[in-house]
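Each remark here refers to the structure printed beneath this line.
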Amino acid sequence: MSSADLGTAALAVAFGTALYAVAAGVYAGVTRRREVAVSARRAVYALAVLLVLAMVLLEAAYVRSDFSFALVAQNSSTDTPTFYKLTAMWSSQQGSLLLWVFLLSVFSSAVLFLTRHRLREIAPWATAVLAAVASFFLYLMVFSENPFATLASPPAEGNGLNPLLRHPAMMFHPPMLYTGYVGFTIPFAFAMGALITRNTGADWIRATRRFALVAWTFLGFGILLGSLWSYSELGWGGYWAWDPVENASLMPWLTGTAFIHSIMVQEKRGMLRIWNVSLIITTFMLALLGTFLVRSGILDSIHAFGASTLGTKFLVFISIALVSSTLLVVWRREDLRSQARIDTLLSREVFFLLNNLVLLLICVVIFWGTFFPLISEALTGTEESVGPPFFNGIIAPIALVLVALSAIGPLLTWRRNTWKTLRRAFLVPLAVAVVTLVALLAFTSAGDSVPALVMFSLAAFVGAVVAQEFFRGARARRTMTGEPPPIALSRLVGRNRRRYGGYIVHVGIAVLFLGIAGSSSFNDQKDVRLEPGETVKIKDYEVTYREPTVAIEDDRSGTGAPLSFGAVLDVRKDDEHFVMRPARNYYPSQESAMGPVGRFFGGEATSEVDLRWGLSQDLWLAVQPDLRKLKGPIRRGNDLPERFAGEAIVAVARHYVDDPPPAAFRAIVSPLVVWIWLGGGIVMAGALLALWPSPEARRRRVTSLYAARLGRELSRA
Amino acid sequence: MEVVLPALALAALVAVLVLAPLRTRAATAAPDRRDDLEAAKEAKYREIKDAELDFRMGKLSEEDWRALDAELRAQAIAILRELDRL
């Protein structure tokens, strides 16, 4: 028995187990038979174990370069670095499907374990929904996309991993995105269970809220890693291109953000029930769409790593899920009516609703722009697309409103606010925003871009609001307890993690937008051809092309590229001098017709950008060597017997270094861009704080007079 | 054929794990809501503390806080009563 057979068997049994979990979940839901519900839950645990086995078997095949596995031969090779071998799985369609369902089984097991004593009516139905989603992905693998498919005659060497994907950020980007997509399946499944059983209160939200937050955090982290990859690997110098697949990952994050806010309104006020189930349905559908779009090939994308045959099946599944969940909402609309009404317009719940509408508006604009080529083709017969100016033009002003709302929200309380308390709350933060605005106008050139100027001021507003919240909270606690300020602050945050974690997230988002505004409004780019010794000036930098470099099987980024042609550049700024070394890596083609030497230059090539990070600005450099002068030496190398290919390549490299042609350079000075990722880091820190369990999770079981008991228990909360 | 044997072995292991609870038939009585109510109680306590913090920070007027606090405490007591009925 080979490991491929064992892997195929594990997937087949996993498919059967998932189908059993669906049937047992439904039966337990209908009959309320506890032992059947436990059996369904155990089936999900078993599913996770089987998929762990499948993952381990496939990873082991990658590590030992077992080219009898079609997948390993397709996107790995013996010279692929081990780190990239371990992560090459998700560069293929089959590997991605396995990763998706593996993560789903782990998340599903976790939530079902945590709720094993709770939600006894909802949980069996949620189990059935989770298992149904898993069944679909397993069906795809068992019947058409088997990751354990083998080759009758394995090749001696594999194709290797797509060079563009040989970047650390890109290796973590897909699992992070998938964790986000999969995580949103959990609240979706419990929402469906709540609708079926007519338990439409906040129980399902309390049980799955953390999963939604984990999903949101990972999806956001994945998106940021993707943008970091784009900035430092793709050789064009940007971090966001409004590419359809980028957009597809951003849309569920936006609706997920709206969901995380609006469920608080349901928890606190019993309102927005229809809205919340609709939001989680939308988010889950967009997550499926995001998974599907990456490989569908229906829209032109830089992510078109391989054509897929799954388009129709995915669309059928998405349609069934969308129609059935929507019908369920319509069927249960009476149970979803709100328990309370909005007291006044000046309340946190109203601003949460506004924030939701703004986020959905951004999502609708992105959806329209992303699918415009399909819409225009359907309506006019001609495929037209909208570019970044469309997205930037509409979304930039809406983003300003969003950041303003993220500042105002924390200042408001639930139900009602008086003008007096609001005046007191807004005074200092607004003053800080105005002072920032005036200072930027007086001392900087920020006024050259009005949207950037407004964004900087709003970021200061958010920062001041949150600082004030921490200060006033710590002061209030100090007054109540007499604790010293640092203790009061740490206990305040420790006992209100969700609130203060959320505020830190707001600061992170404001910082992130500050980075976007600065880098998109004030960046400077130059494309030049330089001979060695020539200099280009960009902003405050003088960049001189000192000399060309060639590395054979020694590329600086450790990607395993056999050939790397680069440049050494001397950079001067005021009294500062440093050296930068951008390069271009060449990966051999498998096309033997190009010749033993020519194939090393005829395959894929990637930019190895050199970046000088800075808090105020980055200097970004990429090089595109001109290889036309090497045609002669390459041709001569091709004419030699193949055993001399190594020497011939060394001769070509020496020719390039001894008689260097001009090289094309792209230089970019991008202000504040690093704050995008620092802002992302702050968001992650805030989300982790909000996720950390509170001390209140302790169980208290005391009996006494209710009011006295309430007072006693509250004093410990 | 080479897949069938491992598949049968894995299926047998899964069946032992998954079908075991079916042999001990549990009562189909009304579900125990204790853990759900405990979670609802904790959430209500959190709301009461949040409202108090908002008042102490000067974000809620005393009149609004007292009304809100009384309402939230009444809701918490209702949950406690329900818990004690279980």
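Residue numbers (numbering that gives the first Met the number 0), protein chains in the order written: chain R, 0 to 716; chain H, 0 to 85. Backbone N, C-alpha and C define an ideal beta-carbon position, used for all residues, glycine too. These figures come from a predicted structure and were not determined experimentally.
task: Could you tell me whether the Cβ of R:R471 comes closer than 9 Å to any Cβ of chain H?
output: yes
**Prompt:** Is H:P5 close to chain R, meaning its C-beta is less than 9 Å from at least one C-beta of that chain?
**Reply:** yes
Next on the checklist: Closest to H:D35 by C-alpha separation, out of R:L18, R:T79, R:E120, R:R598, would be which residue?
Outcome noted: R:E120
| Going along chain R, which residues have a C-beta under 9 Å from H:E81? | Result: empty, since nearest Cβ-Cβ is about 11 Å, beyond 9 Å.
Quiz prompt | Which of helix, strand or coil DSSP assigns to R:R545 | solution = strand
Please report the straight-line C-alpha distance between R:E729 and R:S104, rounded to a whole angstrom.
No answer is possible for residue 729 of chain R: it lies beyond the span of chain R, which begins at 0 and ends at 716.
Is the beta carbon of R:R580 closer than 9 Å to that of R:R555? yes
When you compare each of R:T282, R:L614, R:G219, R:S337 to R:A320 by their alpha carbons, which one comes out closest? R:T282
Spell out whether any CB of chain H is found under 9 Å from the CB atom of R:V12.
-> yes
Original post:
For R:K525, which beta-bridge partners are listed by DSSP?
Top reply: R:A666
Notebook entry, point to check: Among R:P595, R:K536, R:I394, R:E607, which one has its Cα closest to the Cα of R:A566?
Noted result: R:E607
Below 8 Å on the Cβ atoms is my guess for R:S67 versus R:P153; work out the distance and round it to an integer in Å. 4 Å
- Quick one, which of R:R611, R:A127, R:L285 has its alpha-carbon nearest R:A188's? R:A127
* Taking the DSSP output, what are the residues bridged to R:G565? -> R:T548, R:A582
* When the Cβ atoms of the region 480 to 499 of chain R are set against those of the region 425 to 433 of chain R, are three or more pairs found closer than 8 Å? -> no
* **DSSP-derived helix/strand/coil call for R:D342** => coil
- Task: Assuming R:V461 contacts R:F351 (C-beta within less than 8 Å), just tell me the rounded distance between them.
- Result: Contact flag wrong, Cβ pair sits at about 16 Å.
Under the assumption that R:T605 contacts R:E232 (Cβ atoms under 8 Å), give the Cβ distance between them as a whole number of angstroms. 7 Å
Worksheet entry | Proximal residues to R:G289 (C-beta, below 8 Å), its chain only, five neighbours per side dropped | L176, Y180, V244, A247, S248, M250, P251
message: In the DSSP output, what is R:E575 paired with across the bridge?
response: R:K572
Quick one: what's got a C-beta closer than 8 Å to R:F316's C-beta in the same chain, skipping five residues either side? F135, L287
Using a cut-off of 7 Å between C-beta atoms, extract the partners of H:E61 located in chain R. Near H:E61 there are no residues of chain R at all, since even the closest Cβ is about 11 Å away, more than 7 Å.
Next item on the list: Consult DSSP for R:T149 and reduce its assignment to one of helix, strand or coil.
Entry: strand
Any beta carbon from chain R within less than 9 Å of H:R33's own beta carbon?
yes
#### Entry: Interface flag, H:R84 vs chain R, CB-CB below 9 Å
no
Return no unless some Cβ of chain R is closer than 9 Å to the Cβ of H:R72. yes
- Buried or exposed (CB count within 10 angstroms, at least 16 for buried), R:E646: exposed
| said: Run through chain R and tell me which residues come within less than 9 Å of H:R55, C-beta to C-beta. | reply: R471, G472, R474, A475, R476, T478, M479
For this session: Using a Cβ cut-off of 9 Å, pull out every chain H residue sitting near R:A60, in sequence order please.
Result: Those within 9 Å of R:A60 in chain H number zero; the least Cβ separation is about 16 Å.
Cβ-based burial, R:V433 [other Cβ within 10 Å; buried from 16]: exposed
- Item | Any C-beta of chain H under 9 Å from that of R:S38 | yes
query = Under a CB-based cut-off of 9 Å, is H:A69 close to chain R?
reply = no
For R:T534, list the residues DSSP reports as bridge partners. R:T543
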